[in-house]
Structure formats: structure tokens, C-alpha cells
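There are 2 protein chains.
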Amino acid sequence: MKPNKETVRQRMKRFQEVCKNEGVRLTFQRITIFEAVAGSDEHPDAETIHKAVRKKMPTVSLDTVYRTLWLLHDLGLITTMGPPRERVRFDANTKPHHHFVCTRCGLARDFEHGEFDALKIPDEVKAMGNVETARVELRGVCFGCAKKG
Amino acid sequence: MKPNKETVRQRMKRFQEVCKNEGVRLTFQRITIFEAVAGSDEHPDAETIHKAVRKKMPTVSLDTVYRTLWLLHDLGLITTMGPPRERVRFDANTKPHHHFVCTRCGLARDFEHGEFDALKIPDEVKAMGNVETARVELRGVCFGCAKKG
DNA sequence: TTAGGTGCAAATTCTTTGCACCCTG
DNA sequence: CAGGGTGCAAAGAATTTGCACCTAA
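What follows is the structure in C-alpha cells.
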């Protein structure tokens, strides 16, 4: 489930390239924070990421984590998802993908599915604007929660 | 675009029935707040709703608006959508529907589309849990924003 | 009548900002 | 070495809660 070494390596590489191209400095904080997001598939929120990076970098502040996450977001290196009533959550998977979200525990899992990437846009929507991305969000109860009753 | 009289009437009726069934009291505040959401298609946030209901009910407090909205949500009478980095927005359209969201101005428009309601759930996701709802979110730039450059 | 609902104000929670010092390029 | 980046502390915005009074059923 967790991104494998190779995936993480690719993401780090792209991160470094984009930063160089955009003239964004590669600081220890940014590298460590991006690494944390790139190595997780749990759509962590800012505070979770902060806790994780503190292990390598005990003095990093939460506000730097926020600043860095939104910077990475603006660079197109990570995306966000905001299940209502929860904190914003971050995701280093920038390939087209979709979500399964458990309405009970908040578990959010990515999945890729070519069919969903290629949905035919209804004319009604074409009349609203230019669609750039399509994301399907499937909601339900995960088996973990279902078991607990 | 705006829900027509008949739609609003139906929503109000359902609201009253559900409240009766669930033993939830029909207060002036609740009626007015639900009416405001039911009569809008703009996915207003709590503060927008507060401003709107104040016209009819100048003393209503923002916290009552919040409490009422989440109550309506828990009763299944309204749903929420949370575009990242924005406030939670509410929606009285509980029929299966999907969203077009402008990434520039935040415009969010509902659309119905049978094909999207009936998406075939991938086996991979069936292994995660029981899917209850499927919602497609199309993101792009609306024509209003595209024009402004 | 009476339990549930409301308004007020204060508390929380999450997130952002100003500023002086620091470090990458 | 210069300008972007960081940590700290404090501000801000959105949302929730405690409590005494009020009102729908």
C-alpha cells in the first residue's frame, strides 16, 4: 500500500527538478517535509506531517510545515483533499487517481482506474467551463469500521 | 439555475416530515435556515447563510446557524462539500449529483448525470469497503474567469 | 409543563503573519 | 553576500461549547 522505494525516489527527483526550475531553494526542511508526504499514502494533515518530520528535525515549526505544504501544492508537487468537517489533507500522488473515503473513520485510500480518468464530460458541464481534472470520490464504510459494528 | 418553487416546496415538505419523525422541533430558526439552503444553488457557507437569514430574523446567531446546519446534515437533509482551502459549503440537493468547481473563483455548480451515478465500482475498491455514494468532481476554469484572463 | 433549542460570550482549533536571524545558491 | 527561508510568538479566522433563559409540543 505504502509507496515503494522506487516511487518515492521518482517523486524526490521530480521535486528537486521542479524546485530548481522554479528557483525555489532546497532547504533541509523542504526536503524532509516533501519526503514525509511522498513516503505516505495516508493523506496526512499538517499536524501529522509535523509530528513525523520532528523525528528527523526536532526544531521545525508547524508554521514552516504549513508554508512548505502550500508551496509544494502551488508547485504542483502535491494535491489536497478536504473531506468536509476534517482538516485539509495532503497527497503526493499527482497521477490521475480517485478516492475511497470511509465516512466512519475518515480513512482515505487512493486508487487508480483508467475508466474513471476518461469519463465523458456531459455537454451541460462543457457549457460551464473548461474541465481540467476529473476525480471520483466513492464514500462508504470501510471493512475495519463495518466489523466494529 | 436556482431551485424552482416546486422543488423548494418539496424540500420543505420532506424537511418537516423528517423532523417530525425524528422528534426534532420545528423552530422558526430551523425553518428559516433550511429554507435559505433549500432555495439556493450556490453551495453557501455558514456565514453566507447567516447573512441571508438575518433579513428575516435579525437576531439569529451564527452559532445557531452552525448547529442547525450540522443537524440538518445529520438528518440527511443537506450535504456538504469542502473544496480544499475554503470553508465548508452546504447543499440541499440530496439527489445523486456531481460538481463542477472553478479552481479560479470557487464557483461550484451541481449537475445531474445518470452515467456518473451508475459508475462501475472497481474490484480494488470493493475490497476496501462498501461503497454507498459516488460523486464526480470536475475541476477547471469557468468561462467567467477564463474571459477575465 | 418540560425537555429541547437559542443567544451570548468565551473557548478551541486550525492556520496565517510579522519580524529578526539564518543559510542556500 | 544577498535575498529567500525559518522559528518564534502572536494574530486571525472558522467553528464549537457552557450556561441561563426561552418556547414548541
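Chains as they are written, first to last, in numbering that gives the first Met the number 0: chain S, 0 to 148; chain Y, 0 to 148. Using N, Cα and C, we set each Cβ at its ideal position, and we do this for glycine too.
Inset, instruction - Output the boundary residues of the alpha helix (DSSP H) element that contains H49 (chain Y). - result: The count along the second sequence starts at 1 and reaches residue 49 (chain Y) at position 50. Start and end: A45 to R53.
Legend entry - N20 (chain S) in three-state terms, based on DSSP: Stepping through the first sequence from its first residue, residue 20 (chain S) is reached at position 21. Three-state DSSP puts N20 (chain S) in a helix.
Legend entry - Own chain, CB closer than 8 Å to R88 (chain S), minus 5 neighbours either side, in chain order: For the purposes of this step, residue 88 (chain S) is taken as the residue at position 89 of the first sequence. The residues are H42, P43, D44, T79, M80, G81, P82 and A107.
Legend entry - Cα-Cα separation between R138 (chain Y) and N92 (chain Y), rounded to whole angstroms: Taking the first residue of the second sequence as position 1, residue 138 (chain Y) is located at position 139. Taking the first residue of the second sequence as position 1, residue 92 (chain Y) is located at position 93. So the alpha carbons of these two residues sit roughly 19 Å apart.
Legend entry - With 16 other Cβ atoms within 10 Å as the buried cut-off, status of P121 (chain Y): As a position in the second sequence, residue 121 (chain Y) is number 122, starting the count at 1. Under this definition P121 (chain Y) is a buried residue.
Inset, instruction - Output, in chain order, the set of chain S residues within a Cβ distance shorter than 8 Å of I120 (chain Y). - result: For the purposes of this step, residue 120 (chain Y) is identified with residue 121 of the second sequence, where counting begins at 1. Residues of chain S passing the Cβ test: L137.
Legend entry - Per DSSP, cross-strand counterpart(s) of N129 (chain Y): Locating residue 129 (chain Y) in the second sequence gives position 130, where the first residue counts as 1. Looking at the DSSP assignment, N129 (chain Y) forms a beta bridge with S:V140.
Inset, instruction - Give a yes or no on whether 9 Å exceeds the smallest Cβ distance from N92 (chain Y) to chain S. - result: The sequence position of residue 92 (chain Y) within the second sequence is 93, counting from 1. By this cut-off, N92 (chain Y) is not an interface position.
Inset, instruction - Out of Y:R103, Y:R10, Y:N129 and Y:E111, state which residue places its alpha-carbon closest to the alpha-carbon of C101 (chain S). - result: Residue 101 (chain S) sits at position 102 when you count from the first residue of the first sequence. When only C-alpha atoms are compared, the closest one is Y:N129.
Legend entry - Rounded straight-line distance, which links the Cα of R134 (chain Y) to that of E114 (chain S): Position 115 of the first sequence holds residue 114 (chain S). Position 135 of the second sequence holds residue 134 (chain Y). Using only the alpha carbons, I get a separation of about 15 Å.
Legend entry - D154 (chain Y), DSSP secondary structure in three states: The question about residue 154 (chain Y) has no answer here: the residues shown for chain Y are numbered 0 through 148.
Legend entry - Neighbour list for H112 (chain Y) in chain S, Cβ cutoff strictly below 7 Å: The residue labelled residue 112 (chain Y) in the question sits at position 113 within the second sequence. Near H112 (chain Y) (Cβ distances below 7 Å), the residues of chain S are P121.
Inset, instruction - Could you pull out every residue in the same chain whose Cβ sits closer than 7 Å to the Cβ of R10 (chain Y), ignoring the five residues on either side in sequence? - result: By 1-based counting over the second sequence, the position of residue 10 (chain Y) is 11. Same-chain partners within the cutoff: A37 and A91.
Legend entry - Spatially closest choice to P2 (chain Y) from Y:E34, Y:V59, Y:I30 and Y:K50, by CA coordinates: Here residue 2 (chain Y) corresponds to residue number 3 of the second sequence, with the count starting at 1. Minimum Cα distance to P2 (chain Y) is reached at Y:E34.
Inset, instruction - Under 9 Å between beta-carbons, which chain Y residues line up against A145 (chain S)? List them in chain order, please. - result: Position 146 of the first sequence, counted from the start, is the residue given in the question as residue 145 (chain S). Within chain Y, the residues near A145 (chain S) are G128 and N129.
Legend entry - Proximity to K4 (chain Y) [Cα-Cα], best of Y:V23, Y:D40 and Y:E111: Translated into positions along the second sequence, residue 4 (chain Y) becomes position 5. For the set Y:V23, Y:D40 and Y:E111, the Cα lying nearest the Cα of K4 (chain Y) is the one of Y:D40.
Legend entry - Assigned exposure category for Q25 (chain S) - 16 Cβ within 10 Å defines buried: Residue numbering aside, residue 25 (chain S) sits at position 26 when the first sequence is read from its first letter. In the sequence under discussion, the amino acid at residue 25 (chain S) is Leu, which differs from the Gln named in the question. The residue in question, L25 (chain S), is exposed, as its Cβ has fewer than 16 Cβ neighbours within 10 Å.
Inset, instruction - Measuring alpha carbon to alpha carbon, tell me which of Y:P57, Y:H96 and Y:Q28 ends up nearest V64 (chain Y). - result: Translated into the one-based positions of the second sequence, residue 64 (chain Y) becomes position 65. The option with the nearest alpha carbon to V64 (chain Y) is Y:Q28.
Inset, instruction - For T132 (chain S), go through chain Y and note every residue whose CB falls closer than 8 Å to its CB, in chain order. - result: The count along the first sequence starts at 1 and reaches residue 132 (chain S) at position 133. For a Cβ distance threshold of 8 Å, residue set L137, R138 and G139 of chain Y lies close to T132 (chain S), ordered along the chain.
Inset, instruction - Please decide whether V124 (chain Y) counts as near chain S, where near means a Cβ-Cβ distance under 9 Å. - result: Taking the second sequence and counting its residues from 1, one reaches residue 124 (chain Y) at position 125. True, the Cβ-Cβ gap to chain S drops below 9 Å.
Inset, instruction - Could you have a look at V59 (chain S) and say whether DSSP puts it in helix, strand or coil? - result: As a working mapping, residue 59 (chain S) is identified with position 60 in the first sequence. Looking at V59 (chain S) - three-state DSSP - the assignment turns out to be coil, as it is neither helix nor strand.
Legend entry - Rounded C-alpha distance that separates E123 (chain S) from K94 (chain Y): Translated into the one-based positions of the first sequence, residue 123 (chain S) becomes position 124. Translated into the one-based positions of the second sequence, residue 94 (chain Y) becomes position 95. Whole-angstrom Cα-Cα distance: 17 Å.
Inset, instruction - Could you pull out every residue in the same chain whose Cβ sits closer than 8 Å to the Cβ of V17 (chain S), ignoring the five residues on either side in sequence? - result: As a working note, residue 17 (chain S) is residue 18 in the first sequence. If we look at V17 (chain S) and ignore the five residues flanking it on each side, its Cβ neighbours are V23, L74, G75 and L76.
Inset, instruction - Please confirm if C18 (chain Y) has its CB atom under 9 Å from at least one CB of chain S. - result: The residue given as residue 18 (chain Y) occupies position 19 in the second sequence. Taking Cβ atoms only, chain S never reaches closer than 9 Å to C18 (chain Y), which makes this a no.
Legend entry - Three-state class that DSSP yields for A117 (chain Y) in the structure shown: Numbered from 1 along the second sequence, position 118 holds the residue referred to as residue 117 (chain Y). If DSSP states are grouped into helix, strand and coil, A117 (chain Y) belongs with coil.
Legend entry - Status (buried if at least 16 other CB within 10 Å, exposed otherwise) for A126 (chain S): In the first sequence, the residue the question calls residue 126 (chain S) occupies position 127. The residue is exposed, with fewer than 16 neighbouring Cβ atoms inside 10 Å.
Legend entry - Classification of A145 (chain S) by the beta-carbon crowding that lies within 10 angstroms, buried from 16 upward: For the purposes of this step, residue 145 (chain S) is taken as the residue at position 146 of the first sequence. A145 (chain S) is exposed by the Cβ-count criterion.
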